[in-house]
Each structure stands twice: as structure tokens, then as C-alpha cells.
Amino acid sequence: MSERRIQVLAPRLANQIAAGEVVERPASVIKELVENAIDAGSNRIDIELEAGGSKLIRVRDNGGGIDHDDLGLALSRHATSKIGTLDDLEGVATLGFRGEALAAISAVSRLELFSNTSEEHSDGWRAVAEGREMTPRVSPAPHPRGTTVTVRDLFFNTPARRKFQRTEKTEFGHAEEAFRRLALSHHEIDLTLSHNRKVVHQLSAGSDQLTMEKRIGRLLGRGFLDNALHVDIEASGLHLWGWVGLPTHTRAQTDQQYFFVNGRAIRDRLVAHAVRQAYRDVLFHGRHPVFVLYLELDAGGVDVNVHPTKHEVRFRDARLVHDFLFSSLHRALADVRPNTESVSAE
Ligand code: ADP
Ligand code: MG
Numbered sequence: 105m106s107e108r109r110i111q112v113l114a115p116r117l118a119n120q121i122a123a124g125e126v127v128e129r130p131a132s133v134i135k136e137l138v139e140n141a142i143d144a145g146s147n148r149i150d151i152e153l154e155a156g157g158s159k160l161i162r163v164r165d166n167g168g169g170i171d172h173d174d175l176g177l178a179l180s181r182h183a184t185s186k187i188g189t190l191d192d193l194e195g196v197a198t199l200g201f202r203g204e205a206l207a208a209i210s211a212v213s214r215l216e217l218f219s220n221t222s223e224e225h226s227d228g229w230r231a232v233a234e235g236r237e238m239t240p241r242v243s244p245a246p247h248p249r250g251t252t253v254t255v256r257d258l259f260f261n262t263p264a265r266r267k268f269q270r271t272e273k274t275e276f277g278h279a280e281e282a283f284r285r286l287a288l289s290h291h292e293i294d295l296t297l298s299h300n301r302k303v304v305h306q307l308s309a310g311s312d313q314l315t316m317e318k319r320i321g322r323l324l325g326r327g328f329l330d331n332a333l334h335v336d337i338e339a340s341g342l343h344l345w346g347w348v349g350l351p352t353h354t355r356a357q358t359d360q361q362y363f364f365v366n367g368r369a370i371r372d373r374l375v376a377h378a379v380r381q382a383y384r385d386v387l388f389h390g391r392h393p394v395f396v397l398y399l400e401l402d403a404g405g406v407d408v409n410v411h412p413t414k415h416e417v418r419f420r421d422a423r424l425v426h427d428f429l430f431s432s433l434h435r436a437l438a439d440v441r442p443n444t445e446s447v448s449a450e
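Per the working numbering, the sequence shown starts with residue 105, numbered consecutively.
Now the structure itself:
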């Protein structure tokens, strides 16, 4: 070992190593590609999978597309159009900003990027990153305005990661869960998911309560909404809205708990604690509430650069957020709490 000289890793190898953090399975690819499509301002996104996503993942959007001159860069690491300075990062409003996903996915699969910024179908381009240097090759390819990314044979060249892939059914389950989170966080987008050429979900856009409820019903089952309270509370620069399940509609697991911060699905201890406290005296031991909740606050009030997958966030004023969540939900549940307690809680 000691005779080994220090060398800079070839781009593909460096990207394969980086992929370990963000690309765990087909579901992670779907998340990254759909987030890119959302950041591009799309109002329609179609996702196609084959064999749970291990054979094929195709995400097609009608967003702004990528300029011909930027196509090669889009596939390189640390290349992003979303931030340019540290200040931008402080208030980042896009889902992406690390400039890693396409490079990482491209290093561990056969990835093709098609894009077009113009209305002329024939102005489209295709880009791939070739060899260990991941040299971009760009060639003309007709494509409507927007972007399509095709990911074939995920992990074909990283056997260690491939070994950890589960059955088609399990991988599809994770993929569908990723889709659910994206669909619940972006009601303004028409979305379809198909698997092995069958349409599994087809969801229409709409930001009125009725359309949103229809989508939630399709994704989580009608039973949830029939047993949920609608909440919508604003205070101290924080806005919380969504649906919380009645204490009579609980689950043995925490698997139907969706919490979005500024359009991003997150898992957070502080949030979990506030919700648990609010439900404390109305839930049976070992049961968990079901909820779909949206918290909106100024982008500067939350740090999303905590982990590469961005499933975690850090609130600048954690105490304020915690107390706001607790009191909002506690009050919402007051009506279903036995009378004596709701009086003493006031
Ligand atoms: P990030 O999203 O963190 O910027 P990515 O590797 O996911 O990094 O994407 C790199 C860049 O490629 C993005 O910053 C964006 O400019 C461009 N891009 C990727 N996907 C799309 C898309 N679907 N539509 C438009 N531009 C895209
Ligand atoms: Mg991205």
C-alpha cells in the first residue's frame, strides 16, 4: 500500500463513489429526476419504469429544457444552474442545488439526456457521458420542448450496489412511495407513473381543495380523508396546512405520515415530536396518526443543505417551529378531544 502514489480519480470513478450517497436504488433516481423536472418549471411529468426501475427509468417533462451549450455540463459533477454563490444557498428555492445527481446517476447506469429549449421539435439534442473521463457527447435528436432522461440498467457497473437491490416488487414499492411524496408535494403538476407498460397512477393538476383531496384519496386511499380534519393556520411567518387523521383512524406504523417543508418531503425529529405531543392524550399506546401536512416559511428560515438526499432540514428557529406545530395541531384536535380536556387545554 505504501508504494501507491496519490492520484486524482477518473471522473467516472469519483462520480460512482459520490453516487453511493444519493443513488441507493431506483426510487432515488426517480426522486432526483423528477425534482429536476419540477425545478425546470414543468406542469406535466411522465414517469415510466420497467422491472421496478432496475431495467428502465424514463422521466419526461415539458419544462424549460437545457441549452445546447449546457448539455455536456449538465452531466458533470458540481455543475448546476441553480446557485452561484453561498448567498444563493442561504435562500435556495429550488429542490436541487448540488449539481451532483445527473453525474452520479450517469456514472452508475446507461443514461441518456434529451432536451430542447425551443418549440421546434427538430431542434432537440441528445447527450451522453462516455468512458472513464465521462466525456460528453452531444448529437442532434428531435425532442419536444422539455427534457427526457432515460436511465437503463441501473448499477450494471457497480456490482456491490447491485447486490443490495431487492425484488422487482420491493423496488417498485419504494419507487411508488417516492412518486407518492412527489405527487403530494406538487399538486400543480400533472403526473403519471407507469410500470411495465401499465399506467399505475394518473393524476391531474389542481390547487383547489377538491382536486387536491382527489389526488390524496387516490394516493392514500379514500378512508384517510373521510377520517381527517383539514387544517390551515398562519402565525409568525409560518403557514401550516393540510390534513390530519382523526385519533380513531390510526396505524400501527408511521408509514402514512407526510410532512413537506417548502415543497420538500422531510423526516424530522423535531416535527415528529411536536406531532406526537399534540396527539398524546388522544391516541392509544403504540398507534400512530396519519397526516399530510405542509409547512411553508421563508427560505432563509430553513437550512436544506444538511444531507445529500435533502431528507433532513435544520430550522433556524427550531423552538418556534416546534411550538407552532404543536399548538396548531393541538388546537385542531381540540374538537375531537373529550370535553373536559379541551377546556383545560385552553
Ligand atoms: P442540480 O439539480 O443540483 O442542479 P443535477 O445534476 O440534478 O444538479 O442537474 C444538473 C443541471 O442540469 C441542473 O442544474 C439543470 O440546469 C439541468 N437539468 C437537469 N435536469 C433538467 C430538466 N429536467 N430540465 C431542465 N434542466 C435540467
Ligand atoms: Mg437535481
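Just so you know, even glycine gets a beta-carbon here, dropped at the ideal spot from N, CA and C.
Since this is a predicted model, take the numbers as computed values, not measurements.
- Between A436 and L374 the beta-carbon gap is near 19 Å, outside 8 Å, which marks them as no contact.
- Distance check between F388 and each of L433, N409, S158 and P351 places P351 closest, using alpha-carbon atoms only.
- Our two residues, A183 and R214, have alpha carbons roughly 20 Å apart in a direct line.
- Relative to ligand 2, even the nearest heavy atom lies 7 Å or more away from the CB of E216.
- Beta-bridge pairing by DSSP links F395 to V348 and Q361.
- Relative to I149, the option among L193, H353 and T251 whose CA is nearest is T251.
- With respect to P130, E275 sits close: the two C-beta atoms are nearer than 8 Å.
- Separation of N140 and T198 (C-alpha to C-alpha, rounded to the nearest whole angstrom) is 9 Å.
- Between ligand 2 and A205, a heavy atom-to-CB distance of less than 7 Å is present.
- L217 and L175 do touch by the CB rule: their CB atoms are close to 7 Å apart, below 8 Å.
- Looking only at A356, I320 and G325, the smallest Cα-Cα distance to G346 is reached by I320.
- Of the residues Q381, V406, G404 and S289, the one whose Cα lies closest to the Cα of G310 is S289.
- A direct Cα-Cα distance of roughly 6 Å separates A208 from Q120.
- In the three-state reduction of the DSSP assignment, F430 falls in the helix class, which pools H, G and I.
- Classified as exposed, D439 has fewer than 16 neighbouring CB atoms from the shown chains inside 10 Å of its CB.
- Straight through space, the alpha carbons of L429 and W229 are spaced by roughly 47 Å.
- Here T254 is buried, its C-beta having at least 16 other C-beta atoms within 10 Å.
- With the rule of 3 Cβ pairs closer than 8 Å, the stretch 239 to 246 does not count as touching the stretch 187 to 197.
- Around the beta-carbon of A332, 16 or more other beta-carbon atoms lie within 10 Å, marking it buried.
- Taking the Cα positions, G405 is about 14 Å away from E416.
- Per DSSP, N140 is not a residue of any beta strand (DSSP E); the alpha helix (DSSP H) it occupies stretches across P130 to D143.
- Here the C-alpha atom of G235 lies approximately 7 Å from the C-alpha atom of R116.
- Within the DSSP secondary-structure output, S243 pairs in a beta bridge with R230.
- Only exposed fits K302, as fewer than 16 other CB atoms lie within 10 angstroms of its CB.
- Close CB contacts of L399 within its chain, under the 6 Å cut and outside five residues either way in sequence, are with L344 and V365 (chain order).
- Following the DSSP letters along the chain, one finds E280 inside the alpha helix (DSSP H) bounded by residues E272 to S289.
- Going by DSSP, Q313 is part of no beta strand (DSSP E) but of the alpha helix (DSSP H) stretching over Q313 to L324.
- As computed with DSSP, V303 is found in a beta bridge with S298.
- Comparing alpha-carbon positions, the option among E317, A287, L397 and G277 lying closest to L329 turns out to be E317.
- Cα atoms of L258 and V212: separation of roughly 6 Å, rounded to the nearest angstrom.
- Not one heavy atom of ligand 1 falls within 7 Å of the beta-carbon of S213.
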